[in-house]
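A.B. asks: Dumping the structure here so I can ask a few things about it.
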Amino acid sequence: MSERLEKGIQALRDKMDARIASYFSSCVHCGLCAEACLFATESQDPIYTPIYKLEPMRKVWSREYSFWGKLGAMIGVTDNVTEEDFANWETLVYDSCTMCGRCSMVCPVGIDITYMIRKEREAFVAAGYTPEGLQAATERAINIGSPMGVTLKTLQATIRSVEKETGLTIPMDVAGADYMALFSSMEIVNFEEYIAGLARIFKAAGVSWTVSSKGFEATNSGIQIGDPEAAKTIVERVVSAAEELGVKSVISPECGHAFMAIRWEGPNLIGRQYPFKVIHILELLSELHENGSLQLEGMTDTPLTYHDPCQISRRGGVIQQPRDLLNSVASNFQEMSDGGDMNWCCGGGGGVSANERADEIRLQAFNIKKKQLAELDGVETIVTACANCRLMLEDGLEHYELSHEVTGLTELIAEHIKQ
Amino acid sequence: MNVAVRHGLIQILVVIACLLLFAGSPVHAQSSQDDKAPVSPIDVPNPGAELWNAVRERGGAEPTQQHPLTAIWEDVLQQQDTAAKSQARSADATSMINASGDQWRQLRREQLIPYGGALLLLSLAIVIGLSFVKRTAHYSESDMIIRRFKVPSLVGHWLMAGSMLFLAFTGLVLLFGRFTLLPLTGSDFFSAFASASKEGHDLFGPIFTFALIIFFFQFVSKNMLHYRDFVWMARLGGLFEKKPLKAGFFNFGEKTLFWLVIFFGIALSVSGFAILFQNLLPGRDLMLLATLVHAVSAILLICLVIGHIFMALSTKGTMDAITTGDVDANWAKADHSVWYEQMKEAGHIRKRIAHASDDAGKEIPVAEVSAEQTGAS
Amino acid sequence: MFTDFIDGPFWTFSVSVFAIGVIWRLISIIRLGVPGDLAVPREDGGAGGMRTILSRFMARPAVRKRALLIVVAGYMFHVGLFALLFFAQPHIDFYVDRFGVPAWAGMPRWLFILTAEIAFAGLIMAWLYRVMHPVTRMLSGIGEHTASWLVFFVMLTGCLALLEQYDSLRVLHFFLAELLLIYFPFSSLMHTFTFAFSRNYTGATMGRRGVDA
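Residue numbers (full-length UniProt numbering), protein chains in the order written: chain U, 1 to 419; chain E, 1 to 377; chain R, 1 to 213.
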């Protein structure tokens, strides 16, 4: 057995907790998870069945925690995980799973497949079977500070541009501010409208906020690839920046997995609770709107729909806020079928967008979004709250030659601030 | 001869053979109410005959030529229509004794069992004989497939097929077991076995009816007769023609099978429920009629199914349709040309995926597939 | 003699294997523990766990639409089997006789038979789906098929013994039920108990995040 295989198997073994043991003990292979997975439904290929993606992990569980597996191992008939398994499953685990969590919502015995995929990816990292695109992104995140290679200089340039456009000052490194805003690289590079929108809204609502030059990047490739050490390093940057400035809250930007990383996984990665709150920008906007500090005016009658980013709604619990916000600025907001906590993923979450190898299957899976959009009545505008979803939606729409426009919810709200 | 044609023709032949045999048998004449005179038995080979004779000797009240009517039986026949008084309010409660029960018993023993058995054996013999005829494959395999049945249709078919086979087995035990099994197994085993068969038969009957209803709605639209089918019929299924005749999703033979299955299925279900809830029937004679209908329909349906199973197993590629739901594109082209063209036009012909899903899955490397998926990107 | 063995020692053995096996399996799961969650929860995990334990008894519309057959078949089988196990009069009589528990109200005979029909149809359809659907065909191994067929034969022999006149038929049913009890802890039939654990773990995690999983 090679060293990398040994490491991979050991990692799978180490991940085994009561949850996973209970999950594998409960699975009766009913196949319902396949009906919830966009890669499985759109390809009609059974190998994309979510629970099947956990076969390497199940093998270790079977060998070491089940009666027949242990008996088989003793007499030498139960297979152990092989390097071939790792090689074969690499594409299933990384290319055709966005960890969107739809499968976890429909399992009749309540198996959280997404949780296990997350753990299984850690073993793939340990064994060294990871897609190049994600490896490179993680390396950049650790060495440069952002998966896309965005440096402080890039941020400063963007901020200058935003300040010029809005005529507002973006407060940098202000100690004692109430809120510290984080951005995703994608926003800094592609969607500076988000930063501009934020500045306008906070000005109007009188929010005391700041941006740290030491910890502004919210995305976390370590979470996506399944490297806890890298993930921890990235979270620690933000935590120490926030602690240094002494802010009360940290604002997670319009990015799905960034919210997951900083809000739900972060404290567990660094092993302690934060001395500050973490709040998603949509939660904050909704709060400001509700308590009256953010006044909105004007209703757009453009038909529009909302694409729930999986990590924000289904896995993150921010479901009602975007709907309340949309309904206060749009008179023709239409819900997609399965919208809300069962919305279909854009196909690019969980690091799939950073993995070029997955492009073909990702675009095939996007067909489900095409079907969802086709059911709506005259909707040409998709609002979302995740820079990655936004990019993936644009890519998918272009691939299927659709003319829908995609926009961020924060920007939309910023357009309706009461003057 | 084109195989699809042969498929249809053989099924029709089996059906016709069944119908003819029954039409020629004295069953129908015997079921008449007017004819109360004892009937002379027909001398047919019967493995349980000796046993039967013993039973008759013991009973002594059997109105046969060897054993003339006793005085008691004469009395019964004369007085059976005499009205009696009873507190019981159930059907035929005031009838002292029902002589038609005895007629039914004779009919069952002397006509139904020997002729029915002969018919079943004949069907089997035909099928066994045909299985010696060498059949060449009627198409060459391709790597393109077409979805023929969705999973619910497959499940619908097999739920009906499975319950039907179980009912056929237990039903045959009940009808013939006494003459075939009892002598072999002895009465201790057979009585328990027959009781089990009876309880099992009663319980699975409604499941068959449930399956039949689902099956009917799943397949009825594809079994509506089309003008193409009349052409098929008129030209004897293209028996004497070189080019195969056009057929849609189902050909005329298959449609015939469908409607016969539905017909016999309904007959079996209605008569079966009548027997199960016999106390709710207005009279005992109706129950006897139900039992007769049940037995006759069952035997005919079993003969049909024997032919159907033979055709499915012996025609290359046909079992794929009903086990995986997918058929080879060339199979469709050869047997169901019209449907094939429709599928082709709609773009429903796709490449066969050969990997894990075809087998148990666990040990089969997914490498080739993954490589195929990613390599193409 | 065979009857005595099935009714006596083998029954004790199989019930012991079942009870000890199930408890041992459950303990071995719990013993592994779950890592604590340091993220500040939106709501209580315990409530989320309980909610998911109950809410997953209903299939979500998203999947109900796509896989109606297996959802319906699953309900038919599970509800039917549950009713048969605990509310069929012969079974209640058996529990009273063997465990000395006080009797409870059983189903009327007609409902008992109807329940059996529903459970049978459900089980057969579920198994057919298993072998017909490409996904379940790929996933299913010898464990699933053994469990399905063992349950089927237990139910079948039960229905063959319905007349309750032949001891041989009763013993056959009883024997198969004992085999099922022995096989139970070593198979995915354990989901009968572990489903609550799994739903609870998932429901608690998601509940803390404010998601009704």
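All residues carry an ideal CB built from backbone N, CA and C; glycine is no exception. What you are looking at is a predicted structure, and each value in this text was computed from that prediction instead of being measured.
Could you check whether the Cβ of threonine 78 of chain U sits closer than 8 Å to any heavy atom belonging to the ligand ZN?
C.D. replies: In terms of ligand content, the structure shown is empty, and the ligand ZN therefore cannot be addressed.
A.B. asks: Could you please give the first and the last residue of the uninterrupted beta strand (DSSP E) stretch that includes histidine 307 of chain U?
C.D. replies: Its beta strand (DSSP E) spans residues 304–307.
A.B. asks: Just to confirm the assignment: which complete alpha helix (DSSP H) runs, minimum length 4, are found wholly within the region 57–134 of chain R?
C.D. replies: Listed in chain order, they are 61–66, 68–87, 89–99, 109–132.
A.B. asks: So, at 6 Å on beta carbons, what are the nonlocal neighbours of glycine 133 of chain U in its own chain, with the 5 sequence-adjacent residues on each side left out?
C.D. replies: Ala354, Asn355, Glu356, listed in sequence order.
A.B. asks: How many angstroms separate the CA atom of glutamate 42 of chain U from the CA atom of methionine 105 of chain U?
C.D. replies: Rounded to the nearest angstrom, the two C-alpha atoms are 19 Å apart.
A.B. asks: So which residues on chain R does valine 151 of chain E lean against when the C-beta distance must stay under 8 Å?
C.D. replies: The answer, in chain order, is Leu69, Tyr129, Met132, His133.
A.B. asks: I need the DSSP call for proline 26 of chain E, collapsed to helix, strand or coil.
C.D. replies: Residue confidence for proline 26 of chain E is low, a pLDDT of 41 falling below 50, so the modelled location carries little weight; the figure read from the coordinates is stated next. In this structure, proline 26 of chain E counts as coil in the three-state DSSP scheme.
A.B. asks: Less than 8 Å between the CB atoms is what I'm expecting for isoleucine 312 of chain U and histidine 280 of chain U, so what's the real figure, rounded?
C.D. replies: Contact holds; Cβ gap of about 6 Å.
A.B. asks: What three-state label does DSSP hand glutamate 193 of chain U in the structure shown?
C.D. replies: Looking at glutamate 193 of chain U - three-state DSSP - the assignment turns out to be helix.
A.B. asks: Would proline 228 of chain U and leucine 282 of chain U qualify as a contact pair, given that the criterion is a beta-carbon distance under 9 Å?
C.D. replies: Not closer than 9 Å, so no.
A.B. asks: Are the C-beta of tyrosine 166 of chain R and some C-beta of chain E separated by less than 9 Å?
C.D. replies: Taking Cβ atoms only, chain E reaches closer than 9 Å to tyrosine 166 of chain R, which makes this a yes.
A.B. asks: So, is isoleucine 319 of chain U buried or exposed, given that buried needs 16 or more other C-beta atoms within 10 angstroms?
C.D. replies: Per the 10 Å Cβ criterion, buried.
A.B. asks: Tell me which same chain residues have a C-beta within less than 6 Å of the C-beta of alanine 36 of chain U, skipping the five on either side of it?
C.D. replies: For alanine 36 of chain U, where only same-chain residues beyond five positions count, the Cβ hits under 6 Å are Arg102, Cys103, Val106.
A.B. asks: Taking only the alpha-carbon atoms, compute the straight-line gap between glycine 203 of chain R and leucine 32 of chain U and give it to the nearest angstrom.
C.D. replies: C-alpha separation (whole angstroms): 18 Å.
A.B. asks: Closer than 7 Å by C-beta to glycine 248 of chain E: which residues in its own chain qualify, once you throw out the five before and the five after it? Chain order, please.
C.D. replies: Same-chain partners within the cutoff: His226, Arg228, His336, Val338, Trp339.
A.B. asks: Rounded to whole angstroms, what is the Cα-Cα separation between serine 337 of chain U and lysine 351 of chain E?
C.D. replies: The alpha-carbon atoms of serine 337 of chain U and lysine 351 of chain E are separated by roughly 31 Å.
A.B. asks: Please list the partners that glutamate 199 of chain E has in chain R, where partner means a Cβ-to-Cβ separation under 8 Å.
C.D. replies: By Cβ distance, chain R contributes Cys159, Leu160, Ala161, Leu162, Leu163.
A.B. asks: Go ahead and label lysine 369 of chain U buried or exposed: buried means 16 or more other beta carbons lie within 10 angstroms of its beta carbon, across all protein chains shown.
C.D. replies: Label assigned to lysine 369 of chain U: buried.
A.B. asks: Is any beta-carbon of chain R found at less than 9 Å from that of aspartate 341 of chain U?
C.D. replies: Yes - at least one Cβ of chain R is within 9 Å of the one on aspartate 341 of chain U.
A.B. asks: Taking the continuous beta strand (DSSP E) assigned at aspartate 320 of chain E, which residues delimit it?
C.D. replies: Here aspartate 320 of chain E belongs to no beta strand (DSSP E); instead the alpha helix (DSSP H) covers 318–323.
A.B. asks: State the Cα-Cα distance for the pair glycine 317 of chain U and valine 211 of chain R, rounded to the nearest angstrom.
C.D. replies: For glycine 317 of chain U and valine 211 of chain R, the distance between alpha carbons rounds to 5 Å.
A.B. asks: Can you list, in chain order, the residues of the region 256–273 of chain U whose Cβ is nearer than 8 Å to any Cβ on chain R?
C.D. replies: Going along the region 256–273 of chain U in chain order, one finds Arg263, Trp264, Glu265, Gly266, Pro267, Asn268, Gly271, Arg272, Gln273 with a Cβ nearer than 8 Å to chain R.
A.B. asks: Going along the chain, which residues of the UniProt domain "4Fe-4S ferredoxin-type" (18–47) of chain U sit with their C-beta nearer than 7 Å to a C-beta in chain R?
C.D. replies: Cβ contacts with chain R: Ala18, Arg19, Ala21, Ser22, Tyr23, Ser25, Ser26, Cys27, Val28, His29, Cys30, Gly31, Leu32, Ala34, Glu35, Ala36, Pro46.
A.B. asks: Taking only beta-carbon positions, decide if tryptophan 89 of chain U is within less than 9 Å of chain R.
C.D. replies: Cβ-Cβ to chain R under 9 Å: no for tryptophan 89 of chain U.
A.B. asks: Taking the alpha-carbon of leucine 245 of chain U as reference, which of U:Pro275, U:Arg200, U:Gly145 has the nearest alpha-carbon?
C.D. replies: It is U:Pro275.
A.B. asks: If you follow the alpha helix (DSSP H) that methionine 190 of chain R is part of, which residue opens it and which one closes it?
C.D. replies: Taken as a continuous stretch (DSSP letters only), methionine 190 of chain R belongs to no alpha helix (DSSP H), as it is neither H nor E.
A.B. asks: Compare the C-alpha of residue 387 of chain E against each of E:Ser86, E:Phe149, E:Ala93 and name the closest.
C.D. replies: Any answer about residue 387 of chain E is impossible in this case: the structure gives chain E only from 1 up to 377.
A.B. asks: Count the other CB atoms, across all protein chains shown, that sit within 10 Å of the CB of leucine 68 of chain R; report buried if there are 16 or more and exposed otherwise.
C.D. replies: Leucine 68 of chain R comes out exposed.
A.B. asks: For the pair the region 184–193 of chain R and the region 22–30 of chain U, tell me if three or more CB-CB distances fall below 8 Å.
C.D. replies: With the cut-off at 8 Å, the region 184–193 of chain R and the region 22–30 of chain U touch.
A.B. asks: If you follow the beta strand (DSSP E) that threonine 384 of chain U is in, where does it begin and where does it stop?
C.D. replies: Its beta strand (DSSP E) spans residues 381–384.
A.B. asks: If we count the other Cβ atoms within 10 Å of its Cβ and call it buried at 16 or more, is valine 63 of chain R buried or exposed?
C.D. replies: Buried, because 16 or more other Cβ atoms sit within 10 Å of the Cβ of valine 63 of chain R.
A.B. asks: Is the CB of serine 337 of chain E under 9 Å away from at least one CB in chain R?
C.D. replies: So no, serine 337 of chain E is outside the interface.
A.B. asks: Using C-beta distances below 7 Å, list every residue in its chain close to proline 9 of chain R, excluding the 5 sequence neighbours before and after it, in chain order.
C.D. replies: Closer than 7 Å at the Cβ level, and outside the excluded window around proline 9 of chain R, lies no residue.
A.B. asks: Report buried or exposed for lysine 418 of chain U, applying the criterion of at least 16 other Cβ atoms within 10 angstroms of its Cβ.
C.D. replies: It counts as exposed.
A.B. asks: Any Cβ of chain R within less than 9 Å of the Cβ of threonine 49 of chain U?
C.D. replies: So, interface residue.
A.B. asks: Tell me which residues share the same chain as histidine 67 of chain E and place their Cβ nearer than 6 Å to its Cβ, disregarding the 5 neighbours each side in the sequence.
C.D. replies: Any reading at histidine 67 of chain E must be qualified, since the residue scores a pLDDT of 48, below 50, and its modelled position is unreliable; no value is offered.
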